[in-house]
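Below is one structure, written out as structure tokens; the observations come after it.
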Amino acid sequence: MTEAAEATLSADIQLIQRIIPHRYPFLLVDRVRDIVPNQSAVGIKCVTMNEPQFTGHFPGLPIFPGVQIIEAMAQTAAVLVGVSLDLADKGAKVYFMGIDGAKFRRKVVPGDVLEMAVTVKRGGGKVWKFEGRASVDGELAAEAEFAAMLDIPKG
7 MTEAAEATLS
17 ADIQLIQRII
27 PHRYPFLLVD
37 RVRDIVPNQS
47 AVGIKCVTMN
57 EPQFTGHFPG
67 LPIFPGVQII
77 EAMAQTAAVL
87 VGVSLDLADK
97 GAKVYFMGID
107 GAKFRRKVVP
117 GDVLEMAVTV
127 KRGGGKVWKF
137 EGRASVDGEL
147 AAEAEFAAML
157 DIPKG
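Residue numbers (the numbering used here): 7 to 161.
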């Protein structure tokens with residue numbers, strides 16, 4: 007596959023749900039585009055007022071929680087791993103191991119389209135490391151480095 011063809015890989019919500027186990031209300035990525043296997047991907051999260059976290063964070067001033075932005079980046083990374091290793095329907099899990107250097111730069115509110123760009127820093131085995139940057143309309147909202155462990159059931 008050529009580099010140009012690789013950059014056009016994407017995962018819609020059906021494929022995402024075949025790769026990662028998360029479901030409403032904790033599925034935080036709607037689509038993943040620009041997937042370059044073993045290298046990078048961009049996750050998309052359309053933030054809507056109908057999400058349950060806005061009843062308590064903060065009433066009257068809905069702000070998408072920073073920890074959920076980091077989780078959305080991690081879910082994007084898990085889909086990248088799943089596409090890279092052809093893990094759809096295989097029951098694989100990707101678990102957080104650590105988060106470093108998390109910084110929050112702007113509020114994310116209902117109506118925003120959050121784009122999570124994740125890049126593999128180290129991968130291919132059981133432990134993967136990523137760099138993530140979440141933005142809205144090109145403006146940086148959050149960034150972090152994080153590690154995850156891959157668990158693929160035998161069989």
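Quick reminder that beta carbons are idealized off the backbone N, C-alpha and C, glycines included. Quantities reported herein were computed from a predicted structural model and do not represent experimental measurements.
Using CA coordinates, which residue listed in the options is at the minimum distance from residue i?
{"i": "I22", "options": "F70, I69, T61 and A94", "result": "A94"}
{"i": "R39", "options": "E121, G97, L67 and E77", "result": "E121"}
{"i": "P27", "options": "Q45, G88, A47 and I76", "result": "G88"}
{"i": "V114", "options": "I158, Y30 and F60", "result": "F60"}
{"i": "D106", "options": "A17, F136 and P71", "result": "F136"}
{"i": "V133", "options": "R29, M155, M103 and V73", "result": "M155"}
{"i": "V100", "options": "Q20, P159, A17 and D36", "result": "P159"}
{"i": "G104", "options": "P31, A47, Y30 and A150", "result": "A150"}
{"i": "V73", "options": "Q20, S46 and L34", "result": "L34"}
{"i": "Y36", "options": "Q45, S46 and A17", "result": "Correcting the residue identity first, residue 36 is Asp in this sequence and not Tyr. Comparing Cα positions, the closest option is A17."}
{"i": "R29", "options": "S90, E57 and V42", "result": "E57"}
{"i": "L130", "options": "Q20, T14, F32 and P43", "result": "Here the sequence assigns Gly to residue 130, which means Leu is not the residue at that position. That would be P43, whose Cα lies nearest to the Cα of G130."}
Indicate the three-state DSSP secondary structure (helix, strand or coil) for residue i in the structure shown.
{"i": "V133", "result": "strand"}
{"i": "G117", "result": "coil"}
{"i": "L146", "result": "strand"}
{"i": "L93", "result": "coil"}
{"i": "T8", "result": "A caution first: T8 carries a pLDDT of 49, below 50, which makes its placement in the model unreliable, though a value can still be read off. Looking at T8 - three-state DSSP - the assignment turns out to be coil, as it is neither helix nor strand."}
{"i": "L15", "result": "strand"}
{"i": "G104", "result": "strand"}
Let me check one thing: in DSSP terms, what residues is residue i bridge-paired to?
{"i": "T125", "result": "S46 and E137"}
{"i": "L156", "result": "V100"}
Checklist entry - Is the region 80–100 touching the region 45–62 in the sense that three or more CB pairs, one from each, lie closer than 8 Å? => result yes
Next on the checklist: Report the start-end ranges of each alpha helix (DSSP H) in the region 20–83 that is 4 residues or longer and not cut off at the edges.
Outcome noted: none
Checklist entry - Can you find at least 3 beta carbon pairs, one from the region 137–149 and one from the region 107–121, that sit closer than 8 Å? => result yes
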